[in-house]
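Beneath this line is the structure, given in structure tokens, with notes to follow.
Written as structure tokens, this is what we have:
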């Protein structure tokens with residue numbers, strides 16, 4: 049568990065999620081997809097997604113990182129990987145037990161199949177969680193298998209809980225979630241999953257995907273980059 053001092057330092061770096069449009073050229077997108085397609089390092093996670101780790105210095109994302117550092121400061125990459133999914137993520141945070149000073153996360157949409165990419169959304173809540181990697185499934189189902197992220201059944205340590213509720217237009221995007229999982233949560237913002245954009249956000253801010261399957265999207269391929277700062 050983080051100390052109060054560590055949490056306070058993380059909070060100093062908080063900012064609103066933003067979407068950088070036209071941040072990745074079509075040529076770069078093609079190159080990134082080609083790199084994934086020929087990789088022999090793709091693994092199938094127990095939770096469903098296929099992932100492929102990207103190492104800084106392999107020239108795959110280095111130019112993207114250079115551009116992001118111009119915008120967001122001289123962060124370090126704690127991990128970066130492709131994710132290839134056919135089902136939407138539930139509410140979670142992108143934390144790492146080995147880093148107390150988590151900073152920004154960057155999502156780079158590369159490809160969708162079945163329907164227009166903009167029908168998928170990345171949704172952010174007002175709430176934050178500083179207790180490590182977690183998925184937020186208030187009141188169960190109990191005894192759900194854990195792999196890396198902790199299943200959080202009680203939201204007492206979630207910061208910013210309120211009774212504002214979820215607007216109907218956003219709630220319609222979250223049909224893959226049980227209503228009790230959203231109790232105490234409120235919507236901060238959401239962005240279409242536009243190919244060529246980069247979505248930047250605080251990695252400890254609660255977020256999830258929309259139920260893109262209901263929009264006819266059968267597959268999403270993207271890149272996640274998770275960062276840290278040298279501030280203790």
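In the working numbering, the protein residues as written are 49 to 280.
The beta carbon of each residue, even a glycine, is placed where N, CA and C say it ideally should be.
Identify, in the order they occur along the chain, each residue of the same chain with its Cβ nearer than 8 Å to the Cβ of residue i, setting aside the five sequence neighbours on each side.
| i | result |
| --- | --- |
| residue 244 | 69, 70, 71, 72, 73, 74, 77, 157 |
| residue 140 | 181, 182, 183, 184, 197, 254, 255, 256 |
| residue 81 | 158, 159, 269 |
Report back the beta-carbon spacing between residue i and residue j to the nearest angstrom; my notes put them in contact at under 8 Å.
| i | j | result |
| --- | --- | --- |
| residue 258 | residue 171 | 6 Å |
| residue 275 | residue 126 | 6 Å |
| residue 154 | residue 200 | At roughly 24 Å, the Cβ-Cβ gap does not stay under 8 Å, so residue 154 and residue 200 are not in contact. |
| residue 177 | residue 207 | 7 Å |
| residue 223 | residue 262 | 6 Å |
Which term fits residue i, buried or exposed, when burial requires 16 or more other beta carbons within 10 angstroms of its beta carbon?
| i | result |
| --- | --- |
| residue 266 | exposed |
| residue 202 | exposed |
| residue 294 | Outside the displayed span of the chain (49 to 280) sits residue 294, for which this structure offers no information. |
| residue 53 | exposed |
| residue 145 | exposed |
| residue 148 | buried |
| residue 65 | buried |
| residue 225 | buried |
Which residues in the same chain have their Cβ closer than 6 Å to the Cβ of residue i, if we skip the five residues on either side of it in sequence?
| i | result |
| --- | --- |
| residue 268 | 133, 160 |
| residue 142 | 153, 251, 274 |
| residue 113 | none |
| residue 174 | 208, 234, 236 |
Could you check the C-alpha separation between residue i and residue j for me, to the nearest Å?
| i | j | result |
| --- | --- | --- |
| residue 165 | residue 106 | 28 Å |
| residue 210 | residue 219 | 16 Å |
| residue 221 | residue 247 | 18 Å |
| residue 58 | residue 51 | 11 Å |
| residue 212 | residue 120 | 31 Å |
| residue 227 | residue 108 | 40 Å |
| residue 280 | residue 150 | Because the pLDDT at residue 280 is just 46, under 50, the model does not fix this residue reliably, and the point stays unresolved. |
| residue 192 | residue 98 | 21 Å |
| residue 249 | residue 260 | 20 Å |
| residue 204 | residue 92 | 33 Å |
| residue 230 | residue 83 | 37 Å |
| residue 128 | residue 49 | 24 Å |
| residue 272 | residue 136 | 15 Å |
| residue 79 | residue 242 | 17 Å |
Spatial neighbours of residue i within its chain, please: C-beta separation below 7 Å, excluding the five flanking residues on both sides.
| i | result |
| --- | --- |
| residue 118 | none |
| residue 87 | 100 |
| residue 195 | 94, 95 |
| residue 281 | With the chain covering only 49 through 280, there is no way to say anything about residue 281. |
I need the boundaries of the alpha helix (DSSP H) containing residue i, first residue and last residue.
| i | result |
| --- | --- |
| residue 155 | No alpha helix (DSSP H) contains residue 155, which is instead part of the beta strand (DSSP E) from 150-161. |
| residue 50 | Segment: none, residue 50 is in no alpha helix (DSSP H) and carries neither H nor E. |
| residue 90 | Taken as a continuous stretch (DSSP letters only), residue 90 belongs to no alpha helix (DSSP H), as it is neither H nor E. |
| residue 216 | 216-219 |
Let's see if you can read the secondary structure: which residues bound the beta strand (DSSP E) around residue i?
| i | result |
| --- | --- |
| residue 127 | 124-133 |
| residue 115 | From DSSP, residue 115 is part of no beta strand (DSSP E) but of the alpha helix (DSSP H) over 110-120. |
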